[in-house]
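In the working numbering, the protein residues as written are 48 to 238.
The beta carbon of each residue, even a glycine, is placed where N, CA and C say it ideally should be.
Just so you know, these numbers come straight off a predicted model, no measurement behind them.
Here is the structure we will look at, set down as structure tokens.
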Amino acid sequence: MDEFVFVSGRLCLDLAGTKLWRRSLRTELLGSPSDVRRWVGQAELLDDPGAMDTRGLERVRRLREAIYTLVGSWPPGDGAGAELGEALAEVNDAARLPLPRHQLDESGRLTRTGGVDEVLGAVARDAVDLLSSAQFAKTKECANPDCTRLFVDLSRSGARRWCGMAECGNKHKAASYRKRKKQEAVLETGA
Ligand SMILES: [Zn+2]
Numbered sequence: 048m049d050e051f052v053f054v055s056g057r058l059c060l061d062l063a064g065t066k067l068w069r070r071s072l073r074t075e076l077l078g079s080p081s082d083v084r085r086w087v088g089q090a091e092l093l094d095d096p097g098a099m100d101t102r103g104l105e106r107v108r109r110l111r112e113a114i115y116t117l118v119g120s121w122p123p124g125d126g127a128g129a130e131l132g133e134a135l136a137e138v139n140d141a142a143r144l145p146l147p148r149h150q151l152d153e154s155g156r157l158t159r160t161g162g163v164d165e166v167l168g169a170v171a172r173d174a175v176d177l178l179s180s181a182q183f184a185k186t187k188e189c190a191n192p193d194c195t196r197l198f199v200d201l202s203r204s205g206a207r208r209w210c211g212m213a214e215c216g217n218k219h220k221a222a223s224y225r226k227r228k229k230q231e232a233v234l235e236t237g238a
């Protein structure tokens, strides 16, 4: 069973990353209600997301696409289009939903309860907070042009370029290593 990845530094961007390679292969990781259940569990949003149906799946995907649209065209300029307006309304609507209920039991353990509404509420609240915060200036898209994964660069140098997945930074590093070796070989032969 596939594991989801959480490399974005923000919940809302990790959700956006459940659709991969957006400009080419457009790979959908939330293909069924049970995928959403797994994502919610791995994101540690709720202890048990309960029953999930296709309507819930649809709502999560719609919020995800609205977040991706907003991040890509934020901050809105003067001529903000209809698409941005719709995405903003979608995210704001979801941000009014309740958040997961966090409670402590007598053994000191945290319990997190809720359903689809609470999942949408938590993700949208995170998106609203990010878009209105100074951290948004550090939001980047992975430097692999095919990847399209978003992340917040919290590195001290502010020089993070890759989402961190093996197919991105490592592949690039391997390619530039081979290129360097080749150049060295050429230089040696030439000498
Ligand atoms: Zn990447």
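>> Quick check on Asn73: buried or exposed, where buried means 16 or more other Cβ atoms within 10 Å of its Cβ?
In response: The question names Asn, but residue 73 is Arg in the sequence shown. Exposed.
> Which of the three DSSP states, helix, strand or coil, is assigned to Ala238?
Replying inline: Reliability of the predicted coordinates at Ala238 is poor, the pLDDT of 47 falling under 50, and the value obtained from them is presented with this limitation in mind. In the structure shown, Ala238 sits in coil (DSSP, three-state: anything other than H, G, I, E or B).
> Any chance the CB of Glu214 is under 8 Å from a heavy atom of ligand 1?
Replying inline: yes
>> Let me check you understand the geometry: is the CB of Arg207 closer than 8 Å to at least one non-hydrogen atom of ligand 1?
In response: no
> Does the region 134-154 come close enough to the region 184-203 to have 3 or more Cβ pairs within less than 8 Å?
Replying inline: no
> Measuring CB to CB, does Val163 end up less than 9 Å from Cys59?
Replying inline: no
> What is the DSSP secondary structure of Val199, counted as helix, strand or coil?
Replying inline: strand
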